[in-house]
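With the numbering used here as the guide, the letters of the sequence shown map in order to residues 22 to 201. From the three backbone atoms N, C-alpha and C, an ideal C-beta is built for every residue, glycine too. In what follows, a single structure is set out as structure tokens and then discussed.
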Amino acid sequence: MEEKTKKSNKKVSLLIKAVIVLVVVVIAFFLSQYVAEKNEKSTGSRRERVYAPMVEDDNAALVAFQQENPQRKVVLACEEDVTNDTLKDLLIIYKEDDPTEGEITRLVVSIAQQDGSYTYTEPIPAPIENQGIQFKNIDEEAEMEFIVSGEKDGAAGYAIYRMIDGQPMDLFGDGMEDCC
């Protein structure tokens, strides 16, 4: 009988050890899930886009643009030195009525001059909805590149521009023809 009790105690001891190992594995699994979820929330599962903020209504370049172009409704205006002359330039996305096309959305760069005046680039097509502008010195060269993104009826697109010879030049993009 003693031998039976010893065997029974051994089985119970093994069973308890197996249960403890199983509990530890389950706890470790749920803990790893929790940590992964917490990291995803703090860093994002995808790279977070950081858009440039809209300038204040009293921004001198914006005020000058609106006075010269009262028919154009500004949708987004963001400031950065994109010409590498130490003066802040203003990227402006606006809407206006065109007699042949109806309402159009365009991007123009207001280039700051040393004397406090502004010159404007030729307007180029811009996204219709959910516009965003990011500034990134992608190639770490003189001029700051800028990324314009947005949508039209759910079709998303973006383009990367650099100022070349006083005009924004499209370096690379995808889907802009569908969202402008």
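- Distances from the CA of Asn158 to each of Gln88, Asn151, Glu166 were compared; the closest alpha carbon is that of Glu166.
- A residue is called buried once 16 or more other Cβ atoms fall within 10 Å of its Cβ, and Pro74, having fewer, is exposed.
- Glu122 and Pro189 have their alpha carbons spaced roughly 23 Å apart.
- Annotation for Lys94: Tyr115, Lys116, Glu117 place their beta carbon closer than 8 Å to its own, counting only its chain and skipping 5 residues before and after.
- Bridge pairing for Asp118: Glu124 [DSSP].
- In this chain, the beta strand (DSSP E) harbouring Cys99 covers 94–101.
- Counting the other CB atoms within 10 Å of its CB gives Phe193 a total below 16, which places it among the exposed residues.
- Bounds of the alpha helix (DSSP H) holding Leu83 are 81–89.
- Taking 7 Å as the cut-off, the Cβ atoms of Glu161 and Met184 do not count as close.
- When the alpha-carbon of Asp186 is set against those of Gly171, Glu143, Val96, the nearest one is in Glu143.
- Residues of the same chain with a CB within less than 6 Å of the CB of Pro120, apart from the 5 flanking positions on each side, do not exist.
- Boundaries of the beta strand (DSSP E) harbouring Met190: 188–195, taken from the DSSP string.
- In this chain, the beta strand (DSSP E) harbouring Ser170 covers 166–173.
- Residue pairing of Ser131 in beta bridges, as defined by DSSP: Leu111, Tyr141.
- When Glu172, Gly178, Glu198, Ala133 are compared, the shortest CA-CA separation from Phe86 is found for Ala133.
- Counting the other Cβ atoms within 10 Å of the Cβ of Gln88 gives fewer than 16, which makes it exposed.
- Looking at the backbone, the Cα of Tyr141 and that of Val129 are separated by about 7 Å.
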